[in-house]
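Enquirer:
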Amino acid sequence: MSADPVLVLQMHRMGDLILTMPLLRLLLRHWAGHEVWVAAEPHFFQDIMPLAPNVIFFPPTHCHALGQRHYELALNLSSRPQALICQAKLKARHKLGPEAISTGTLPGHQHINGYWQLYRAALTHNNRNNAFHWSDLYMLDLSPQPDLTGVLRPFPRPAGTGRIGMVLGASEFAKRPDADFWARLARRLAGEGMLPLFLGGPAEQSLGQEVAQKSGLPGANLCGRLSLKELAALMRTLDLCVTPDTGPMHLADFVGVPVLNLSMGPVHARETGPSAPGQHVLRAAMSCVGCWQCHRGRLYCKQAFTASGVARLILSLLHTPDHPIVPSGLRLYRTGRDALGLYTLEHVGCRADTSCRPLIEGLWQAVFLFFYSPVQRPLLISRLEGLRVAFPHMAESVAAGLAALCASFSRYLRQGARMLPDDFWRSQPPVIRLFSGYLHMHMQNDDYSPKAWSMALERLEEISALFMNHS
């Protein structure tokens, strides 16, 4: 091919690379005349290459050479310094994501290109009320309209073998059950005629041995014995994959395996849960779920999970999927896609979800969709009205928060301040902090230029006017 290639820099963990697969498929389809190149860690991409046979992979050691090329599109999804430098040095018709800069007052000395890439960066330690999945955020900047309905996704189907995969590990202990939980769950499932299999990489070998010993199922332990390619093949033989939020979960989801995600600890299922429609997510019925970092004295969300309750739910999903038995203290969700093709989590079960949080998340999602594409204004008005009808006091809280934000901006303007203090976004009311964090990062990203100040004030005025006009 003589046309300039498309480059994606994704140098994070296995799960992040697999979450990039829908993007790679989209690039291959819409940039058919251009090769798609990806810079990633070899120990992740080598076994994943069969899942993306038309993509050309490079290790991070090639970043210097990659930075000398010209591209049709260069999309950096990595925060690693070598990726930032490569993105800054290369030439491209379109650049998206962060790149290194040498001067200025920008945080971390980088500049972020792309509306949705900037939004994603602003979620750091500030993802409360975010409703966008990360795999969607990777793709939204590629079109002037936020429409992902054309993205192909597998629909999960059980293999009919009775095999239940149990992914034991996660990046943090807080994000996964302990060995006793897994052993009790495996014994219960085996007693019901299921065939549990303990899955994990080399890091989970000792955990797998412990679970196998405690469960009395030594033949079930496959931790550290399979390559990623072999793991993907085995997963296709499962009826269900029970897993915390981790790389193998995204692998199972990508290859069409039914998933039950045990979402515990500092993870947000709206951002990194299984992305294919028809999967299930189980998480604690607590207002603090989906945090970036736990600030409580103990992991209450993790303690809400019991092996007996999860076992009953698994058996009901396998035998009577339309009538799942949801454990007390937990909420079950089914993944889906809305009219724009965006990720959704739909509450499942006989107990009604009385939380206002889904409506708050939906409101802010519509706000950012409207900023990107003004034709989404009817969606924003509809969601604002929905919040007002169902939770009028919360709608008033959002309006009061916006008023407080207006007052804050007014104070700094009167003082003639060029820059905002680093904790400005965090000092705003929690219900609007997603918005204040984005405005703050946008101003930092443009080095507090007059244009950046003007944009922040215009967007604040637009949203405030909506609350006034529809009060």
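If you count the sequence shown from 1, position 162 lands on 162 in UniProt numbering, and the numbers rise without skipping.
Glycine residues also receive a C-beta, built at the ideal position from the N, C-alpha and C atoms.
For residue 222, which residues of its own chain have a beta-carbon under 7 Å away from its beta-carbon, when the five flanking residues on both sides are left out?
Expert: For residue 222, where only same-chain residues beyond five positions count, the Cβ hits under 7 Å are 197, 198, 199.
Enquirer: According to the neighbour-count rule (16 or more other Cβ atoms, all chains shown, within 10 Å of its Cβ), is residue 173 buried or exposed?
Expert: Exposed, by the Cβ-count rule.
Enquirer: Could I get the ranges of all uninterrupted alpha helix (DSSP H) runs contained in the stretch 185-231, with 4 residues as the minimum, in chain order?
Expert: Listed in chain order, they are 205-215.
Enquirer: Note down the Cα distance separating residue 224 from residue 466, rounded to an integer number of angstroms.
Expert: If I take the Cα positions, the gap works out to 55 Å.
Enquirer: Pull up the DSSP beta-bridge partners for residue 165, would you.
Expert: DSSP lists 197, 241 as partners of residue 165.
Enquirer: Just to check my reading of the structure: residue 271 and residue 127 have Cβ atoms closer than 8 Å, yes? What is that Cβ distance to the nearest angstrom?
Expert: That belief holds up - the Cβ atoms of residue 271 and residue 127 are roughly 6 Å apart, short of 8 Å.
Enquirer: For a test of the three-state rule: what should DSSP assign to residue 263, helix, strand or coil?
Expert: Strand.
Enquirer: Considering Cα atoms alone, identify which of 255, 277, 295, 257 is closest to residue 265.
Expert: Ranking the options by Cα distance to residue 265, first place goes to 295.
Enquirer: Kindly give me the distance between the Cβ atoms of residue 336 and residue 131, rounded to whole angstroms, as I take these residues to be in contact under 8 Å.
Expert: In fact, because the Cβ distance is near 13 Å, the residues do not count as touching under 8 Å.
Enquirer: Could I get the ranges of all uninterrupted beta strand (DSSP E) runs contained in the stretch 311-399, with 3 residues as the minimum, in chain order?
Expert: Counting whole runs of 3 or more residues, the stretch 311-399 contains the beta strand (DSSP E) stretches 330-337, 343-348.
Enquirer: So residue 37 is in the beta strand (DSSP E); what residue range does that whole segment cover?
Expert: Taken as a continuous stretch (DSSP letters only), the beta strand (DSSP E) holding residue 37 covers 36-39.
Enquirer: Looking only at its own chain, which residues have a Cβ that is under 6 Å from the Cβ of residue 254, when we skip the five neighbours before and after it?
Expert: Result list for residue 254: 18, 21, in chain order.
Enquirer: Of the choices 8, 34, 114, whose alpha-carbon is the least far from that of residue 62?
Expert: The option with the nearest alpha carbon to residue 62 is 8.
Enquirer: If you draw a straight line from the alpha carbon of residue 188 to that of residue 243, how long is it in whole angstroms?
Expert: Residue 188 and residue 243: Cα-Cα distance of roughly 17 Å.
Enquirer: For a quick check, are the C-beta atoms of residue 153 and residue 194 less than 9 Å apart?
Expert: Against a cut-off of 9 Å, the Cβ pair of residue 194 and residue 153 comes out as no contact.
Enquirer: Judging by CA-CA distance, which residue of 279, 35, 137, 10 is the nearest neighbour of residue 72?
Expert: For residue 72, the nearest C-alpha among the options comes from 35.
Enquirer: Taking a contact to mean a Cβ-Cβ separation below 9 Å, would you say residue 234 touches residue 260 in this structure?
Expert: No. Outside cutoff.
Enquirer: What separation, rounded to the nearest whole angstrom, lies between the Cα atoms of residue 86 and residue 37?
Expert: Approximately 14 Å between the Cα atoms of the pair.
Enquirer: Keeping to the same chain, check which residues put their C-beta closer than 8 Å to that of residue 226; ignore five residues upstream and five downstream.
Expert: Result list for residue 226: 199, 234, in chain order.
Enquirer: Are the CB atoms of residue 100 and residue 112 nearer to each other than 9 Å?
Expert: Against a cut-off of 9 Å, the Cβ pair of residue 112 and residue 100 comes out as no contact.
Enquirer: With distances taken from CA atoms, which of 422, 433, 288 is nearest residue 445?
Expert: Residue 445 has its Cα closest to that of 422, out of 422, 433, 288.
Enquirer: So, for residue 357: in the same chain, excluding its five sequence neighbours on each side, which residues have a beta-carbon less than 8 Å away from its beta-carbon?
Expert: Closer than 8 Å at the Cβ level, and outside the excluded window around residue 357, lie 129, 287.
Enquirer: Taking three-plus beta-carbon pairs below 8 Å as touching, is the stretch 399-418 in contact with the stretch 168-185?
Expert: No, the stretch 399-418 does not touch the stretch 168-185.
Enquirer: Suppose contacts are defined by Cβ-Cβ distances below 9 Å. Is residue 258 in contact with residue 156 by that definition?
Expert: Cβ distance < 9 Å, so residue 258 and residue 156 count as in contact.
Enquirer: Using DSSP's beta-bridge definition, name the partner residues of residue 111.
Expert: Looking at the DSSP assignment, residue 111 forms a beta bridge with 99.
Enquirer: Which of the three DSSP states is assigned to residue 142 in this structure?
Expert: DSSP places residue 142 in helix when its eight states are reduced to three.
Enquirer: Going by beta carbon distance, what residues of the same chain come within less than 7 Å of residue 371, once the five residues before and after it are set aside?
Expert: 459.
Enquirer: Just checking my contact of residue 440 with residue 425 at CB under 8 Å: how many whole Å lie between their CB atoms?
Expert: Residue 440 to residue 425, Cβ: 4 Å. Contact.
Enquirer: Can you list, in chain order, the stretches of the alpha helix (DSSP H) that have 4 or more residues and sit fully within the stretch 246-313?
Expert: Entirely contained in the stretch 246-313, the alpha helix (DSSP H) runs reaching 4 residues are, in chain order, 247-254, 269-272, 300-303.
Enquirer: Are the C-beta of residue 85 and some C-beta of chain D separated by less than 9 Å?
Expert: The displayed structure is made up of one protein chain only, and chain D is not part of it.
Enquirer: Rounded to a whole number of angstroms, what is the C-alpha to C-alpha distance between residue 293 and residue 140?
Expert: So the alpha carbons of these two residues sit roughly 26 Å apart.
Enquirer: With DSSP collapsed to three states, give me the class of residue 105.
Expert: Because residue 105 carries a pLDDT of 47, less than 50, the predicted location of this residue cannot be relied on, and the following value inherits that uncertainty. Reduced to three states, the DSSP call for residue 105 is coil.
Enquirer: In chain order, what residues of the same chain have a beta carbon less than 6 Å from the beta carbon of residue 388, not counting five sequence neighbours either side?
Expert: Counting only Cβ-Cβ distances below 6 Å, and skipping sequence neighbours, we find 395.
Enquirer: By Cβ distance, which residues of its chain are closer than 6 Å to residue 474, with the 5 residues on each side in sequence left out?
Expert: The shown model of the chain, from 1 to 471, leaves out residue 474, and the question about it has no answer.
Enquirer: With a cut-off of 8 Å on the beta carbons, I'd call residue 345 and residue 146 a contact; round off their distance for me.
Expert: In fact, because the Cβ distance is near 18 Å, the residues do not count as touching under 8 Å.
Enquirer: Among 312, 82, 415, which has the Cα closest to the Cα of residue 66?
Expert: When only C-alpha atoms are compared, the closest one is 82.
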